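*Asks:* Pasting a structure here, questions to come.
Number of protein chains: 2
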Amino acid sequence: MAQLVECVPNFSEGRRPEVISEIIKEITSVDGITLLDHEMDASHNRAVVTFVGPPMAAKEAAFRGIRKASELIDMRTHTGEHPRMGATDVCPFIPIAEMTVPECITLARELAAEVGEKLHIPVYLYEDAATSPERKDLAVVRKGEYEGIRDELGKVPSRKPDFGPNEMNLKAGATAIGVRLPLVAFNAYLNTNNIKVANAIAKAIRSRSGGFAFCKALGFEIKERNCVQVSMNLVNYPKTPIHRVFETIKLEAARYGVNVTSSEIIGLVPNDALVMASEYYLRLENFSTAQILEEKLKKSAQTQKK
Amino acid sequence: MAQLVECVPNFSEGRRPEVISEIIKEITSVDGITLLDHEMDASHNRAVVTFVGPPMAAKEAAFRGIRKASELIDMRTHTGEHPRMGATDVCPFIPIAEMTVPECITLARELAAEVGEKLHIPVYLYEDAATSPERKDLAVVRKGEYEGIRDELGKVPSRKPDFGPNEMNLKAGATAIGVRLPLVAFNAYLNTNNIKVANAIAKAIRSRSGGFAFCKALGFEIKERNCVQVSMNLVNYPKTPIHRVFETIKLEAARYGVNVTSSEIIGLVPNDALVMASEYYLRLENFSTAQILEEKLKKSAQTQKK
C-alpha cells in the first residue's frame, strides 16, 4: 500500500472566499494531492483545509499553501474570535497509511525548515513534533497570539522559534507545524438530565484529572433530548481506544444508577479504531487487518498494477 | 465507488496444475479482473479460484473459465473425494461493492443462459439465484453427483435444468451457478474440554436445529489446546450478525458455568461485518460508513479522477 499523509492547515481568513480558493488552487496544483474538505468561519475569520497525499507531495502542497497565504493575508489587520498567530496559523500532519509518527515528524521538520528559510516566517514545532514538552501544547506555543509573540520574539528566550528568524514576520505572523494522530470525536448519551453526573464521568475519564492519557472530556446538557452527554476527543486512539473509554463510562455511570443510552462519532473515524473495538468485544485472537476483504482487494489490485 | 463482484468457481481438477493455469489464464485475460486466490486439492481433485471485477467483466471471465474447463476436463474419467457434477462444478457470484443481490442474480442468470446455449451444459441456479426453494440448497441440486444426474436428466422432471439442454453434457457434466453473500468463518473457544458443551451450544445457535437462520455450527475438540470450540459459518452476516451469535454463545455457555475464552475469524471478513459489531457494542447511533476515514479517502480519490 502506498504511503499517505493527511495535512490540515488552518488559515487566518474566513471572510474572503476568493483568498481561500487561491490557496486551495496552490495546494491542489501538486500532483497526487486529494482535497478532502475545506471550511470557512466568518466570526472566527479562519479556514480549515484538509488534504491527503504521498509524503513528499503533501509537504510541497503545504509549502505552496503557506506561501500563498503569506502573500494574501496580512496579520497586521487581522481580527477574529479564534486565537491566531499567523496567516497559516497551524499545519499538522497526520499519518494515514504506511506512515509512522517519526516519518511524519521528519516531514514536519523539513517543511518547517523550508518555511523558515524561504519565507522568513518563525516556525514552532508542536504536538508530536515538538522539541520540548511545553511546546507539545499548542495553547502554550500560541500564548499571547500574534501581538504577544510579535512583542516577545528576540527578547524572551523561551519564544525562540524552532526554525526561521527570531523576529516576527509582520505580515505573515508565525506558524506552528506539527504531527498528531487522527482525532476521534466521540460522545456518550446518558439516561439522566443531571449535568453533575456527566461532569463527574468526564472528570473520571479525562487525562488532566487523572483519567485516560489521551482522552479529553466535558459534560454537556443536551436540552432538546432532555439528557446529558459526555463529549470526548480521543487524541491517540491506538493507545486510548474507544472501547476502553466507553466501558469505563458505563462503569462510572452505574455508580450513579445511570445507563449509557447511545453514543455517536462526530465526523471521520479511522477504520482501525472500529476494528479494535470489534476485536475487544468479540475476543478475537490473532486477527490481522490483512483478513479484511477490502484490504485484500486493495493489496491485490496494487500488486497487479506493478 | 465502482461496482465490484466476486466470483469463486470450483473446477473438478486438483492434480494437473497446468490445467488450472490454463483456466486462470482465460479468466484473467478479461480486462479489469483481479485474481485473489487459487487453491488445488489432490485428494478432492478440485480447485477453487477466486477473482473480482466489475459485473460485466466478471461474467465474461467466468464464461471463459467455464469454457476452458469444458475443453480440458473430462468428467467421464473424473474421481475424487469431493462431491462433484461438472468440470466447472459450482460458480457463485458474491456482491462486494455497490452491488445488490438482485443485480448479482441477473448476472448469474445471464451467465447461466450463455453457458447453456453456447457450451451445451445443463445449468442449475442455486442459493440466492435459485428458481425454487429446494434448489437453494446445493446438496439437493448435486444429489447423486455426475453419475446420478447423468442417469436422471430427461427422465426425472425435477432434474430439468434452469438453462441448457435437458440431457447431460457427458464430457463437461452439469454446472451450478448462483449468488451468495460473503461467508464469515467464525470460531469461539470455550474454557472446557467437554465436547458435549460445544455440541449443545452449536445446536442452540444453528439454523437447522432452531437457532439463527443464517448460522451453521458444529462442536469440535481442539486437542492441542485441551479445549473445545464452537465452529461456525455465518452465511448472511447482515441478517445474522457476528455479535448476536457471539453474545448468544456467551449466554448459552454460562448455562454450563463455562466461559468463552476467545474467538477467531478464519480467512477473510467484510469490513462491514466488523463495523456492525462496533456499532452494536459501542451503542453508536446514526453511524454511516461514510464516516470511515478510508471510505472518505476512496470516494474523494474517485471523484477527482472523474
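If you read the protein sequences in the order shown, they are chains A and B.
Take the first sequence: its letters are residues -18 to 287, numbered as in our numbering.
Take the second sequence: its letters are residues -18 to 287, numbered as in our numbering.
Beta carbons: idealized from backbone N, C-alpha and C, even for Gly.
All values reported here derive from a predicted model rather than from experimental measurement.
Can you name the start and end residues of the beta strand (DSSP E) that residue 19/A belongs to?
*Replies:* First-last of the beta strand (DSSP E) with residue 19/A: 15 to 22.
*Asks:* Looking at C-alpha atoms only, which residue of 128/A, 117/A, 105/A is the closest neighbour of residue 141/A?
*Replies:* Nearest C-alpha to residue 141/A: 105/A.
*Asks:* Hey, would you say residue 23/A sits closer than 9 Å to residue -5/A, going by beta carbons?
*Replies:* Yes.
*Asks:* Does DSSP put residue 169/B in a helix, a strand or coil?
*Replies:* Residue 169/B falls in the strand class under three-state DSSP.
*Asks:* Quick one, which of 124/A, 46/A, 91/A has its alpha-carbon nearest residue 63/A's?
*Replies:* Nearest of 124/A, 46/A, 91/A to residue 63/A, Cα basis: 124/A.
*Asks:* Using C-beta distances below 6 Å, list every residue in its chain close to residue 267/A, excluding the 5 sequence neighbours before and after it, in chain order.
*Replies:* None.
*Asks:* Out of curiosity, what's the CA-to-CA distance linking residue 278/A and residue -11/B?
*Replies:* Between residue 278/A and residue -11/B, the C-alpha separation is close to 14 Å.
*Asks:* Determine, using beta carbons only, whether residue 258/A comes closer than 9 Å to chain B.
*Replies:* Closer than 9 Å: yes.
*Asks:* Counting only Cβ-Cβ distances shorter than 8 Å, please list the residues of the segment 10 to 26 of chain A near chain B, keeping chain order.
*Replies:* Listed by position, the residues of the segment 10 to 26 of chain A near chain B (Cβ gap below 8 Å) are 15, 16, 17.
*Asks:* I need the DSSP call for residue -2/A, collapsed to helix, strand or coil.
*Replies:* Helix, per DSSP.
*Asks:* Count Cβ pairs between the segment 218 to 227 of chain B and the segment 244 to 260 of chain B that sit closer than 8 Å; are there 3 or more?
*Replies:* Yes, the segment 218 to 227 of chain B is in contact with the segment 244 to 260 of chain B.
*Asks:* My output table needs one value for residue 242/B: the three-state DSSP class, helix, strand or coil.
*Replies:* Note: residue 242/B maps to strand in three-state DSSP.
*Asks:* Give me the chain A residues within the contact set of residue 6/B, using Cβ-Cβ distance strictly less than 9 Å, ordered along the chain.
*Replies:* What residue 6/B touches in chain A: nothing, since even the nearest Cβ is about 14 Å away.
*Asks:* Might you give, ordered along the chain, the residues of its own chain that have their beta carbon closer than 6 Å to the beta carbon of residue 95/A, omitting 5 neighbours on each side?
*Replies:* Only 44 meet the Cβ criterion.
*Asks:* When the Cα atoms are used, what is the spatial distance from residue 111/B to residue 145/B?
*Replies:* Straight-line Cα distance between these residues: approximately 15 Å.
*Asks:* Taking 9 Å as the CB-CB limit, is residue 46/B close to chain A?
*Replies:* Chain A, which has no Cβ nearer than 9 Å to the Cβ of residue 46/B, makes this no.
*Asks:* Kindly indicate if chain B contains any beta-carbon less than 9 Å away from that of residue -16/A.
*Replies:* Not one chain B Cβ lies under 9 Å of residue -16/A.
*Asks:* Consult DSSP for residue 272/A and reduce its assignment to one of helix, strand or coil.
*Replies:* Helix, per DSSP.
*Asks:* Can you tell me where the alpha helix (DSSP H) with residue 178/A in it begins and where it stops?
*Replies:* Where residue 178/A is concerned, the enclosing alpha helix (DSSP H) stretches over 176 to 186.
*Asks:* Taking the C-alpha atoms as reference points, what is the distance between residue 318/A and residue 185/A?
*Replies:* The requested residue 318/A is not part of the displayed model; chain A covers only -18 to 287.
*Asks:* Tell me the residue span of the alpha helix (DSSP H) that contains residue 115/B.
*Replies:* Taken as a continuous stretch (DSSP letters only), residue 115/B belongs to no alpha helix (DSSP H), as it is neither H nor E.
*Asks:* Any beta-carbon of chain A closer than 9 Å to the one on residue 215/B?
*Replies:* No, because no Cβ of chain A sits closer than 9 Å to the Cβ of residue 215/B.
*Asks:* Would you say residue 242/A reaches chain B, if we count a Cβ-Cβ gap shorter than 9 Å as a contact?
*Replies:* By this cut-off, residue 242/A is an interface position.
*Asks:* Tell me whether the segment 239 to 247 of chain B and the segment 166 to 177 of chain B touch, counting them as touching only if at least three CB pairs, one residue from each stretch, are closer than 8 Å.
*Replies:* Counting Cβ pairs under 8 Å, three or more are found: they touch.
*Asks:* In chain B, what lies closer than 9 Å to residue 248/A by C-beta?
*Replies:* By Cβ distance, chain B contributes 272.
*Asks:* With 9 Å as the threshold, decide whether the Cβ of residue 203/B is near any Cβ in chain A.
*Replies:* No, residue 203/B does not count as interfacial toward chain A.
*Asks:* I need the boundaries of the beta strand (DSSP E) containing residue 197/A, first residue and last residue.
*Replies:* Note, residue 197/A: beta strand (DSSP E), 196 to 203.
*Asks:* Check this for me: beta carbons of residue 50/B and residue -17/B, under 9 Å apart or not?
*Replies:* No, they are not a contact pair.
*Asks:* Give the DSSP bridge partners of residue 215/B, in chain order.
*Replies:* Residue 215/B pairs with 165/B, 196/B.
*Asks:* By the DSSP assignment, the beta strand (DSSP E) with residue 106/B in it spans what residues?
*Replies:* Element bounds for residue 106/B: 104 to 108.
*Asks:* Hey, could you find the ends of the beta strand (DSSP E) residue 123/B is sitting in?
*Replies:* Unbroken run through residue 123/B: none, as it is neither H nor E.
*Asks:* Whose CA, out of 274/B, 229/B, 70/B, 211/B, lies closest to the CA of residue 246/B?
*Replies:* For residue 246/B, the nearest C-alpha among the options comes from 211/B.
*Asks:* Could you check whether the Cβ of residue 252/A sits closer than 9 Å to any Cβ belonging to chain B?
*Replies:* Yes, its Cβ sits closer than 9 Å to a Cβ of chain B.
*Asks:* Is it the case that the segment 74 to 89 of chain A contacts the segment 131 to 140 of chain A, given that we only count it when at least three CB pairs across the two stretches are under 8 Å?
*Replies:* Short answer: they don't touch.
*Asks:* Give the range of the alpha helix (DSSP H) segment to which residue 47/A is assigned.
*Replies:* 36 to 53 is the extent of the alpha helix (DSSP H) around residue 47/A.
*Asks:* State the beta-bridge partners of residue 265/A as determined by DSSP.
*Replies:* Bridge partners of residue 265/A: 244/B.
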